[in-house]
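Numbering (this note's numbering), first residue to last: 1422 to 1668. The C-beta atom is built at its ideal place from N, Cα and C for all residues, glycine as well.
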């Protein structure tokens, strides 16, 4: 009943925006291009599920919020995106016809981390980072400090390890935005290295483009007034994820 109630609550996190600004340009012989600008807010619910308390949580959240914002900053380009046709006279997409565009994004991402301690504070399409005592799942027989369930999450981190390695939460959240692990020599300084240390904090332009494509996948709806991302079934997914004995 608690999970069902949480699923139906009004969105209070996830991806929200109140309209974007779109400009179209079309050079002869080239694919038309859309320039998308505006503010998009990302809210991540930090769910304290530890048994011993989290005295450093506020500092860790502030650090993570600042660094996610910095990592998402920058212009990206999405090529050959098939969208509803953009009507420049009406300044909106016409859902009855389709066209292919190159889309240039200059989005100001506003990132917020919000602490919660009850399931009732979690809505169905929130992003959630659960803070736990330990994770049983192992990678190459190594103890895991964080674990994420596919795109959209939920994500989990071990509190004591988060204190030692402040970038763990950012690493796990970026899994929810579509990034995979990086292995081998190329992972030496990468934030998404499969086995990462305190100095792994680099994000490539291609990784930024992947995350931006995930965040802006609802571009047509996002451009039409107020927007909240479609449901992620967060509360139900979190319940199953945490109750999985493998985890």
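Candidates the options: closest to residue i by CA position
i, options, result
"residue 1485", "1592, 1609, 1611 and 1629", "1592"
"residue 1456", "1491, 1655 and 1644", "1644"
"residue 1602", "1621, 1585, 1584 and 1586", "1621"
"residue 1555", "1613, 1472, 1655 and 1658", "1472"
"residue 1572", "1530, 1595, 1662 and 1442", "1595"
"residue 1469", "1462, 1553 and 1528", "1553"
"residue 1606", "1599, 1477, 1615 and 1600", "1615"
"residue 1634", "1479, 1440 and 1498", "1498"
"residue 1492", "1500, 1501, 1529 and 1511", "1529"
"residue 1494", "1461, 1578, 1648 and 1584", "1461"
"residue 1584", "1475, 1444, 1543 and 1443", "1475"
"residue 1436", "1459, 1442, 1453 and 1464", "1464"
"residue 1487", "1444, 1655 and 1534", "1534"
"residue 1481", "1439, 1570, 1578 and 1519", "1578"
"residue 1609", "1458, 1501 and 1623", "1623"
"residue 1654", "1589, 1526, 1527 and 1575", "1575"
"residue 1483", "1536, 1452 and 1600", "1536"
"residue 1500", "1511, 1525 and 1619", "1525"
"residue 1439", "1452, 1454 and 1459", "1459"
"residue 1511", "1445, 1559 and 1523", "1445"
First and last residue of the uninterrupted alpha helix (DSSP H) at residue i
i, result
"residue 1657", "1655-1664"
"residue 1591", "1589-1597"
"residue 1492", "1478-1493"
"residue 1582", "1580-1585"
Backbone CA spacing between residue i and residue j [nearest angstrom]
i, j, result
"residue 1521", "residue 1504", "6 Å"
"residue 1628", "residue 1613", "9 Å"
"residue 1626", "residue 1489", "14 Å"
"residue 1550", "residue 1450", "47 Å"
"residue 1466", "residue 1448", "44 Å"
"residue 1661", "residue 1508", "44 Å"
"residue 1545", "residue 1650", "10 Å"
"residue 1513", "residue 1647", "14 Å"
"residue 1543", "residue 1656", "7 Å"
"residue 1443", "residue 1642", "13 Å"
"residue 1617", "residue 1631", "20 Å"
"residue 1589", "residue 1652", "25 Å"
Cβ-based burial, residue i [other Cβ within 10 Å; buried from 16]
i, result
"residue 1568", "buried"
"residue 1517", "exposed"
"residue 1666", "exposed"
"residue 1548", "buried"
"residue 1563", "exposed"
Range covered by the beta strand (DSSP E) that runs through residue i
i, result
"residue 1501", "1497-1508"
"residue 1606", "Looking at the DSSP string, residue 1606 is not in any beta strand (DSSP E), and its letter there is neither H nor E."
"residue 1446", "1442-1446"
"residue 1553", "1548-1553"
"residue 1475", "Residue 1475 -> no beta strand (DSSP E), and no H or E assigned at all."
> Which full runs of the alpha helix (DSSP H) of 4+ residues lie inside the stretch 1614-1654, going along the chain?
Replying inline: For the stretch 1614-1654, whole alpha helix (DSSP H) runs of length 4 or above, ordered along the chain, are 1626-1636 and 1640-1643.
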